[in-house]
Every structure is written in C-alpha cells, then in structure tokens.
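> Residue numbering for the sequence shown is 8 to 122, as defined by our numbering.
For every residue, glycine included, the Cβ atom is placed at its ideal position computed from N, Cα and C.
None of these values were measured; they are calculated from a predicted model.
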Amino acid sequence: QVQFVESGGGLVQPGGSLRLSCAASGTIFGFTVMGWYRQAPGKQRELVATIGSDGLTICADSVKGRFTISRDNAKNIVYLQMNSLKPDDTAVYFCNIVSSRMDYWGQGTQVTVSS
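#1: For I104, tell me which candidate among G16, F38 and L92 has the shortest Cα-Cα distance.
#2: Could you name the residues that DSSP lists as bridge partners for L87?
#3: Q10 bridges to which residues according to DSSP?
#4: Could you tell me the distance, in whole angstroms, from the CA atom of F11 to the CA atom of A31?
#5: Closer than 6 Å by C-beta to R78: which residues in its own chain qualify, once you throw out the five before and the five after it? Chain order, please.
#6: Sort S107, F101, S106 and S121 by Cα distance to Q114 and report the nearest one.
#7: By the 10 Å Cβ neighbour count, where 16 or more other Cβ atoms means buried, how is T116 classified, buried or exposed?
#8: Roughly how many whole angstroms lie between the Cα atoms of P21 and L92?
#9: Counting C-beta neighbours from all protein chains within 10 Å, is the total for D96 16 or more, i.e. buried, or is it exposed?
#10: Identify, in the order they occur along the chain, each residue of the same chain with its Cβ nearer than 6 Å to the Cβ of A67, setting aside the five sequence neighbours on each side.
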C-alpha cells in the first residue's frame, strides 16, 4: 500500500503561482513514475505532467512553459510548480505513482484560478 500527503492547492488570481507537493510513503521500490493529473468539472481526468525516477519528464502541451515538475527520489516527493495560472487550470489535481507493480492515486487537491 502507498499513502499520499498532498498540499499546496488553493485559490489564486489569474497570472499567479502555486506549488503543489505530494509525498508518497509505503512499499515503494524500483523504477517509478510520479505525476500529476487533473480533472475539471464535467471533464475527464487528464495528464498534466509526469517524471520518472531517471528524471525524464512528460508535460501536457497546455501547460508547457508554465508548469514545471520535479521530484525528490530519496523521499518520494513530487512537486508541481505552476506559474502564469489561467482560469482553465481550475481543477482537482491528483498525484499518481506507478511502477511495474503498482498504480496508486492521491485524494486530490483543489486548484481554483479566479479573480
């Protein structure tokens, strides 16, 4: 089992910044991919960004140049720095960790971009 502690969500004005963090704990070993997904009301969950244990990242086109994903491998923490936020970024953001042996999701944290 894997447990998550997610933090950093909240309300921000357009153009503002937030930093999400997600600490995973439990039985975690080997190569993993940690990432962030989001789901807006009435829409399907979509990928925001992922990062592997090797540092390789994947980022959605809609957030490229604005969001940066990073991780602390030793502590199994993944971060999402979100800059130049737009109202369209409003969603529940979910942390995910996946390997050949597991696929776990955090409970989600709300990000609201509004003036």
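With the structure as the only source:
#1: Taking the first residue of the sequence shown as position 1, residue 104 is located at position 97. If we check each option's Cα against that of I104, F38 comes out closest.
#2: In the sequence shown, counting from the first residue as 1, residue 87 sits at position 80. DSSP lists L27 and I76 as partners of L87.
#3: By 1-based counting over the sequence shown, the position of residue 10 is 3. S32, per the DSSP bridge assignment.
#4: Translated into positions along the sequence shown, residue 11 becomes position 4. Translated into positions along the sequence shown, residue 31 becomes position 24. Cα-Cα distance, rounded: 5 Å.
#5: Along the sequence shown, one-based indexing puts residue 78 at 71. Excluding sequence neighbours, R78 sits near M41, I58 and V85.
#6: Locating residue 114 in the sequence shown gives position 107, where the first residue counts as 1. Nearest of S107, F101, S106 and S121 to Q114, Cα basis: F101.
#7: For the purposes of this step, residue 116 is taken as residue 109 along the sequence shown, with counting starting at 1. Per the 10 Å Cβ criterion, buried.
#8: Counted from its first residue, the sequence shown places residue 21 at position 14. Counted from its first residue, the sequence shown places residue 92 at position 85. The alpha-carbon atoms of P21 and L92 are separated by roughly 5 Å.
#9: Locating residue 96 in the sequence shown gives position 89, counting from the first residue. Of the other Cβ atoms in all chains shown, 16 or more fall within 10 Å of the Cβ of D96; this residue is therefore buried.
#10: Start at 1 with the first residue of the sequence shown, and residue 67 comes out as number 60. Excluding sequence neighbours, A67 sits near L54 and V55.
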